[in-house]
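Participant:
There are 2 protein chains.
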Amino acid sequence: MSNYVQTPVQGQTPEAPQDLVKQIVHQIRRLMQAGELYTKELNKKYWVTAAQLNCLIALYEHGALPASQIAKLIMVKSSTVTGIVDRLELKGLVTRVRNSPDRRVINIELTEAGRKLAENAPPPIQQRIVDGLKSLPKNDVEQIVQGLNMLTHMLEVQDLQVE
Amino acid sequence: MSNYVQTPVQGQTPEAPQDLVKQIVHQIRRLMQAGELYTKELNKKYWVTAAQLNCLIALYEHGALPASQIAKLIMVKSSTVTGIVDRLELKGLVTRVRNSPDRRVINIELTEAGRKLAENAPPPIQQRIVDGLKSLPKNDVEQIVQGLNMLTHMLEVQDLQVE
DNA sequence: AGCAAAATATTTCAATTCAAAACTTTCTTG
DNA sequence: CAAGAAAGTTTTGAATTGAAATATTTTGCT
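If you read the protein sequences in the order shown, they are chains E and A. Quick note on numbering: the first sequence equals residues 486 to 648 in the numbering used here. Quick note on numbering: the second sequence equals residues 486 to 648 in the numbering used here.
1) Would you list the residues sitting across from E:Val630 in a DSSP beta bridge?
2) Using C-beta distances below 8 Å, list every residue in its chain close to E:Leu544, excluding the 5 sequence neighbours before and after it, in chain order.
3) So A:Thr567 is in the alpha helix (DSSP H); what residue range does that whole segment cover?
4) With 9 Å as the threshold, decide whether the Cβ of A:Val615 is near any Cβ in chain E.
5) Please state whether the Cβ-Cβ distance between E:Ile513 and A:Leu621 is less than 9 Å.
6) Using a Cβ cut-off of 7 Å, which residues of the region 558-590 of chain E contact any Cβ in chain A, in chain order?
7) Can you tell me the Cα-Cα spacing of A:Gln497 and E:Ile509, whole angstroms?
8) Quick one: grab the DSSP three-state call for A:Ile593.
9) Could you work out which residues of chain E lie near A:Thr433, taking near to mean beta carbons separated by less than 8 Å?
10) What are the boundary residues of the beta strand (DSSP E) that includes A:Val579?
11) 9 Å is my cut-off, CB to CB: does E:Asn605 come that close to chain A?
12) Report the neighbours of A:Ile513 on chain E: residues whose CB is nearer than 8 Å to its CB, in chain order.
13) Among E:Asn624, E:Val615 and E:Ile569, whose alpha-carbon lies nearest the alpha-carbon of A:Met639?
14) By how many angstroms is the C-alpha of E:Asn605 removed from the C-alpha of E:Asn665?
15) Identify the contact partners of A:Leu618 in chain E, using a Cβ-Cβ distance below 9 Å as the criterion.
16) Quickly, what does DSSP pair A:Leu550 with across the bridge? List them, please.
17) Give a yes or no on whether 9 Å exceeds the smallest Cβ distance from A:Glu546 to chain E.
18) On the three-state DSSP scale, how would you describe A:Leu558?
19) If the cut is a Cβ gap below 8 Å, which residues of chain A does E:Gln628 touch?
20) Determine the chain E residues that contact A:Leu621 at a beta-carbon separation under 8 Å, and present them in chain order.
21) So A:Val630 packs on E:Leu505, CB below 8 Å; how close in whole Å?
22) Whole angstroms are fine: how far does the CA of E:Pro586 sit from the CA of A:Thr637?
23) Would you kindly work out how many angstroms separate the C-alpha atoms of E:Leu527 and E:Ala535, rounded to a whole number?
24) Tell me whether E:Asn624 is buried or exposed, calling it buried when 16 or more other Cβ atoms sit within 10 Å of its Cβ.
25) By alpha-carbon positions, which one of A:Val570, A:Ser563 and A:Thr524 ends up nearest to A:Leu541?
26) If we ignore side chains and look at the alpha-carbon of each, how far apart do E:Leu558 and A:Gln518 end up?
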């Protein structure tokens with residue numbers, strides 16, 4: 486924590502912290518772009534995108550799952566899962582099986598190749614964060630977590646208010 | 486700041502804060518999804534997406550700009566700007582003019598309609614954050630900013646290492 | 001002058017994402 | 001039991017995003 490942390494201007498009105506808001510929005514966009522660039526790079530090197538890898542890992546950790554459950558775990562709508570699973574299926578990493586008594590549900594399970602890929606997984610986005618966090622004191626790590634918690638909690642409360 | 490902040494487990498090894506990393510990744514995904522849901526909602530109500538609105542606001546604040554400059558301001562690659570400007574042009578909110586001595590550059594400028602829209606802009610994502618921040622003590626706001634700063638700084642340094 | 005390199009913008013391509021609508025199957029209710 | 005609501009999945013359509021390739025123009029160097 487150092488020179489790149491801009492300290493707020495003295496005498497700022499507490500009601501309209503416009504520049505702080507700008508900073509926050511800016512940072513969020515940077516996070517998103519970092520994620521996008523990372524997934525492209527991942528796909529080029531390992532033939533699997535971040536979304537696909539998240540899906541594989543969810544299946545590895547929880548066993549075979551229907552699309553709706555995967556959607557909840559990787560935080561995406563279920564129509565998005567369809568496309569991700571399509572591509573994983575084309576690569577032979579998962580299969581769709583209709584083995585539930587409820588014939589609406591279609592379970593998605595790892596193939597052998599999928600399981601192997603999930604096991605010695607190519608570095609997901611997490612690894613980069615792990616590496617970065619190693620160099621920070623624990624207090625800073627907790628500050629990041631709490632800041633994000635406040636932010637997401639805030640945005641989700643706002644989401645509800647709009648409905 | 487309260488119950489939704491998960492306190493870390495006692496006796497955790499400082500070298501592998503796996504659950505903290507999981508929380509951070511989870512929060513980032515929540516931020517991204519909040520942004521996605523917001524832009525869809527915005528588009529439904531105002532016929533303009535968040536990316537398009539950011540582009541309009543950049544032009545309003547800086548005057549006519551070439552695509553490469555817009556790309557830097559709104560933090561996307563310039564091939565992305567092309568598509569955004571295409572759609573804004575279709576709606577008559579911007580025009581492309583080749584008025585530079587350097588005939589490679591194509592300046593994008595607001596039309597009257599675009600200027601009006603940028604002036605009394607429909608609430609961009611910022612507004613939601615402004616509203617949320619109002620209910621937080623200033624210390625918390627600064628914590629959010631600093632947490633994000635650390636995170637993005639970390640990811641961008643990592644980005645460079647990959648090149 | 002001439003030619004290679006750089007800069008600017010666009011095109012093409014694939015992946016992600018969500019909403020809305022469609023489809024199938026199950027559940028509920030009268 | 002039949003009609004319709006609900007649940008699970010997929011399809012369709014539009015926007016965003018970035019990489020890579022392409023086209024045009026400018027610049028720099030010999």
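No residue lacks a Cβ here, since even glycine has one placed at the ideal position from N, Cα and C.
Facilitator: Taking the structure as given:
1) Start at 1 with the first residue of the first sequence, and residue 630 of chain E comes out as number 145. Per DSSP, none; premise fails for E:Val630.
2) As a working mapping, residue 544 of chain E is identified with position 59 in the first sequence. Leu550, Ile555, Val579, Ile593, Glu594, Leu595, Gly599 and Ala603.
3) To locate residue 567 of chain A, count along the second sequence from 1; it is residue 82. Residues Ser563 to Leu575.
4) By one-based count along the second sequence, residue 615 of chain A stands at place 130. So yes, A:Val615 belongs to the interface.
5) Counting from one through the first sequence, the residue named residue 513 of chain E turns up at place 28. Counting from one through the second sequence, the residue named residue 621 of chain A turns up at place 136. Contact: no.
6) Met560
7) Here residue 497 of chain A refers to the residue found at position 12 of the second sequence. Here residue 509 of chain E refers to the residue found at position 24 of the first sequence. The predicted position of A:Gln497 is uncertain, since its pLDDT is 40 and thus under 50; a value taken from the coordinates is nonetheless stated next. Computed Cα separation, rounded: 30 Å.
8) Translated into the one-based positions of the second sequence, residue 593 of chain A becomes position 108. A:Ile593 falls in the strand class under three-state DSSP.
9) The shown model of chain A, from 486 to 648, leaves out residue 433 of chain A, and the question about it has no answer.
10) Here residue 579 of chain A is taken as the residue at index 94 of the second sequence, counted from 1. Looking at the DSSP string, the run of the beta strand (DSSP E) that includes A:Val579 is Val579 to Val582.
11) Here the question's residue 605 of chain E lines up with position 120 in the first sequence. For E:Asn605, the answer is no, since every Cβ of chain A falls outside 9 Å of its Cβ.
12) If you number the second sequence from 1, residue 513 of chain A lands on position 28. Ordered by position in chain E, the residues that pass the 8 Å Cβ test against A:Ile513 are Leu516, Gly520 and Leu633.
13) Residue 639 of chain A sits at position 154 when you count from the first residue of the second sequence. It is E:Val615.
14) As displayed, chain E neither begins before 486 nor continues past 648, which places residue 665 of chain E out of reach and without an answer.
15) By one-based count along the second sequence, residue 618 of chain A stands at place 133. Chain E residues near A:Leu618: Pro502, Leu505, Val506, Ile509 and Met639.
16) Stepping through the second sequence from its first residue, residue 550 of chain A is reached at position 65. The partner list for A:Leu550 (beta bridge, DSSP) reads A:Ile593.
17) Counting from 1 along the second sequence, the entry for residue 546 of chain A is found at position 61. With 9 Å as the cut-off, A:Glu546 does not count as an interface residue toward chain E.
18) The sequence position of residue 558 of chain A within the second sequence is 73, counting from 1. The answer is helix: DSSP assigns A:Leu558 an H, G or I state.
19) Your numbering for residue 628 of chain E matches position 143 in the first sequence. Near E:Gln628 (Cβ distances below 8 Å), the residues of chain A are Gln628, Gln631, Gly632 and Met635.
20) Locating residue 621 of chain A in the second sequence gives position 136, where the first residue counts as 1. Under the 8 Å cutoff, chain E gives Met635 and Met639.
21) Here residue 630 of chain A refers to the residue found at position 145 when the second sequence is read from its first residue. Here residue 505 of chain E refers to the residue found at position 20 when the first sequence is read from its first residue. With a Cβ gap of about 6 Å, A:Val630 and E:Leu505 count as contacting.
22) Counted from its first residue, the second sequence places residue 637 of chain A at position 152. Counted from its first residue, the first sequence places residue 586 of chain E at position 101. The alpha-carbon atoms of A:Thr637 and E:Pro586 are separated by roughly 47 Å.
23) Along the first sequence, one-based indexing puts residue 527 of chain E at 42. Along the first sequence, one-based indexing puts residue 535 of chain E at 50. Looking at the two C-alpha atoms, the distance is approximately 7 Å.
24) Here the question's residue 624 of chain E lines up with position 139 in the first sequence. So E:Asn624 ends up on the exposed side.
25) Taking the second sequence and counting its residues from 1, the one referred to as residue 541 of chain A is at position 56. When only C-alpha atoms are compared, the closest one is A:Val570.
26) Position 73 of the first sequence, counting from 1, holds the residue named residue 558 of chain E. Position 33 of the second sequence, counting from 1, holds the residue named residue 518 of chain A. Their Cα atoms are separated by approximately 13 Å.
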